[in-house]
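Residue 4 is where the sequence shown starts when you use the working numbering, and the numbers rise one by one after that.
Note that the Cβ used here is the ideal one computed from N, Cα and C, for glycine as well.
To start, the structure itself, in structure tokens.
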Amino acid sequence: MTYTVEYTTSDSECASSSIQDVTVLPAEDASFTMTPTCDGATAEITGDTGGTFAFNPEPGDGATIDSETGTVTGGSLGSTYTIEYTTSGPCPATTSQTISVEDLENPVAMCNNMTVMLDSNGMYVLTEEDINALGMDSTDNCGIESITVSTNSFTCDDIGDVTITLTVTDFGGNTSTCEAIITIDGEIPTVEITETPLSVFCQGVTLTAESPGTVTYLWSTGETTESIVVFENGTYGLTVTSETNCSSYIEYTVSSIEEGTPISEYAIFASNEVYLHGNNVVQSGGVGVGSLNGEIKLHQNSHISEFGQATTFTLNQGSTINNQINDVANPILPNFIYNTLSNSASPSVTISNGDTQTLDGDVYDQIWVREGATVIFSQPNVYVNRIKTSEDANIEFAGCTNVYVNSLFMLAKYGTINSYGNSVTFYVNNDIHVEKGSNVHATMYSNSGQILAKGSNVNSNNPEPTYMTGLFIANKVHGLNNVFWNADVICNPCQGTEPDGGRINNFDVTSWPNPSDTVFNLRLITEDLMNNATIEVFDMNNKLVHTNKFRPEQAYSFGSRLDGGVYIVKISQANNTKIIRLVKF
């Protein structure tokens, strides 16, 4: 606004005056705004420029201010400062504002994916380095204070892709999130269990686990091996654990084991009689007789260290049995396998004195092992009409072997069978004789014949004992003078092969009831409905007590007139034969 001012002198005589126009200047504008930053603030002058900025009061915390621009730097988040702005014109003005240092901008969260491997404890825990790598591309205008994850530990249950949330926090407390995929590597093992029957002389199976990779096993039986042997039907559990400590559990039910006393508990089993005399000792395994009139006779300081089972016992001259069981021995006896392949046209072999020869064939007529000679059979199933030996002969086997012999088998004195300790079984359709000073390691099964083992006389100046190790089955078993008997582990499977000879594969016989106190019933399982079947029933003295023919499609009943006892029943049809064992009360 403009004003007119008149000035007049005070001289009355010569008074004078003058007039001036006066304009009043407007007040200056010191207005400004402040915007907080990470470490201070920026100023924007909205009034008159050209002034100066200053703190009032000085903060003393190291913060500085640009007097021309008003920019505050070096401040601390959360601190408050008072800023004054004073104009520089003729009418200076001053205003002030209070500003708090704060971060108002959220960080930018950027996630990376990651693959990790479970450790030997089945765990993985993300490290600080891992977490920083997951969020390494994240940014913030004021700097990132921390990066955290929603889940940082993983187990076998997490194998595969796991989505987690990553949170980025800046120094102002602002947050931002993103999602990352963690691929968890580890091995959950797979496993299958297979069942393999033990040898026909054992009631049991081998359970074998198959699992790829490196694993450990824990069966419900407490065993930690890949395979276990079980002797009872039931359900068996298996826990398999991988290198990353991840486990799988599986159960397997065994139902194939035939119930009853296993023949493998015995060293000697006879249908009719066991007669041991002259310092015979059964050091391990039982001795059993399987007929109602059967007898165990021990004479002249003979001993059974474990058990003897028969209806009749005769012990004299210091003989003993540790556990005497007065009952018919009734173990599960496998079928005898016949040799129908050997004949007079089959090759014969003689091994000369002191020579060693490996035989790679499987069917022979006669094999003669002469004095000091050694024969080695390489095939798992060998069929021979007759094996003849001379003094100090050796019969050896390259592996698990079954030998099927038709004629009397005699091991001459000082002979050896199976010194390598393989699983070996002799099926001899005749008697078996073992002479003094011999060493036998095998299962020997005589079909209704006798096993006779001899040692030297115990009173001899030069005792020459015979050692019989394995399982010995016959109608009669006779040990004479200084024979030592032992059971052996005979459960390793060595599958016997019954020759086909034009036989029908699906040929079998079912029988019921067994045992029976009335009659027995039989029925054929056969594809041949044309040829009649023949039944022959033998008692334990190998006496034929019943024979007849019947149609293959009919059930056949017999036995009402049979006395109590054990009977061997042979059923034949064309080229097929089946031997079963029945017990009459």
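Kindly list the residues whose CB is nearer than 6 Å to the CB of residue i, restricted to its own chain and excluding five residues on each side of it in sequence; keep chain order.
i: LEU589; result: In the structure displayed, the chain extends from 4 to 588; residue 589 sits before or after that span and is not available.
i: THR85; result: ASN59, SER99, THR101
i: GLY240; result: SER223, GLU254
i: SER441; result: LEU414, GLY418, THR469
i: THR315; result: GLU298
So, for residue i: in the same chain, excluding its five sequence neighbours on each side, which residues have a beta-carbon less than 7 Å away from its beta-carbon?
i: ASP531; result: ILE507, PRO555, GLN576, ALA577
i: GLY505; result: Note that GLY505 scores a pLDDT of 48, beneath 50, so its modelled location is shaky; the value from the coordinates is reported in the next line. These residues qualify, in order along the chain: ASN578.
i: ASN177; result: ASP106, GLU108, ASN109, PRO110
i: ALA445; result: ILE420, ASN421, VAL427, THR428, PHE429, GLY473
i: SER410; result: ASN388, ARG389, ASN433
i: VAL218; result: PRO192, VAL243, THR244, SER245
i: ASN326; result: GLU309, PHE310
Please work out which residues of its chain come closer than 8 Å, Cβ to Cβ, to residue i, disregarding the five sequence neighbours upstream and downstream, and give them in chain order.
i: TYR430; result: PHE339, ILE340, TYR341, ASN342, ASN405, VAL406, TYR407, VAL408, TYR448, ASN450, GLY499
Measure the alpha-carbon distance for residue i versus residue j and round it to whole angstroms.
i: ASN304; j: PRO337; result: 33 Å
i: TYR559; j: PHE553; result: 7 Å
i: GLY81; j: PRO29; result: 39 Å
i: ILE307; j: ILE324; result: 5 Å
i: GLY289; j: LEU362; result: 35 Å
i: GLY78; j: PHE56; result: 16 Å
i: GLU298; j: GLU276; result: 5 Å
i: ALA96; j: PHE35; result: 12 Å
i: ALA536; j: ILE574; result: 7 Å
i: PRO93; j: ALA33; result: 13 Å
i: GLN382; j: TRP488; result: 28 Å
i: ILE583; j: VAL512; result: 8 Å
i: TYR220; j: VAL284; result: 42 Å
i: ASP164; j: MET117; result: 10 Å
i: PRO468; j: LEU414; result: 14 Å
i: ILE147; j: THR170; result: 11 Å
i: GLY402; j: GLY364; result: 14 Å
i: VAL203; j: VAL119; result: 52 Å
i: ALA396; j: LYS479; result: 25 Å
i: GLU87; j: GLY63; result: 16 Å
i: ILE379; j: ILE370; result: 11 Å
i: THR247; j: ILE187; result: 11 Å
i: CYS3; j: THR227; result: What is shown of the chain runs 4 to 588, which leaves residue 3 out entirely.
i: THR151; j: ASP173; result: 12 Å
i: MET543; j: PRO334; result: 15 Å
i: SER355; j: ASN425; result: 25 Å
i: TRP515; j: LEU525; result: 7 Å
i: SER259; j: GLU438; result: 40 Å
When burial is assigned at 16 or more other CB atoms within 10 Å of the CB, is residue i buried or exposed?
i: GLY458; result: buried
i: ASN346; result: exposed
i: THR72; result: exposed
i: ARG373; result: buried
i: PRO518; result: exposed
i: GLN312; result: buried
i: VAL522; result: exposed
i: TYR252; result: exposed
i: VAL366; result: buried
i: VAL331; result: buried
i: PHE588; result: exposed
i: ILE22; result: exposed
i: GLU268; result: buried
i: MET471; result: buried
i: MET37; result: buried
i: SER19; result: exposed
i: GLN206; result: buried
i: SER123; result: exposed
What does DSSP give as the partner residue(s) for residue i in the beta ladder?
i: ALA212; result: ILE196
i: CYS181; result: LEU169
i: PRO265; result: ILE335
i: LEU318; result: LEU301
i: ARG584; result: ILE571
i: ILE307; result: VAL285, ILE324
i: LYS552; result: THR537
i: GLY163; result: ILE187
i: SER149; result: THR172
Compute the minimum distance between the beta carbon of residue i and the heavy atoms of the ligand NAP, and state whether it is under 7 Å.
i: PRO110; result: For the ligand NAP, the structure offers nothing, since it holds no ligand at all.
List, from N- to C-terminal side, the alpha helix (DSSP H) runs of 4 residues or more that fit wholly inside the region 342-411. none
Runs of 3 residues minimum, wholly inside the region 31-104: which ones carry the beta strand (DSSP E) assignment? 35-40, 43-48, 55-58, 83-89, 97-103
Return the chain-ordered ranges of every alpha helix (DSSP H) run that is complete within the region 110-142 and spans a minimum of 4 residues. 131-137
Minimum length 3: unbroken beta strand (DSSP E) runs contained in the region 453-501: 453-457, 469-483, 486-489
Mind pulling the alpha helix (DSSP H) runs of 4 or more residues that sit fully within the region 216-288? none
So within the region 415-448, which uninterrupted alpha helix (DSSP H) runs reach at least 4 residues, ignoring any that extend past its ends? none
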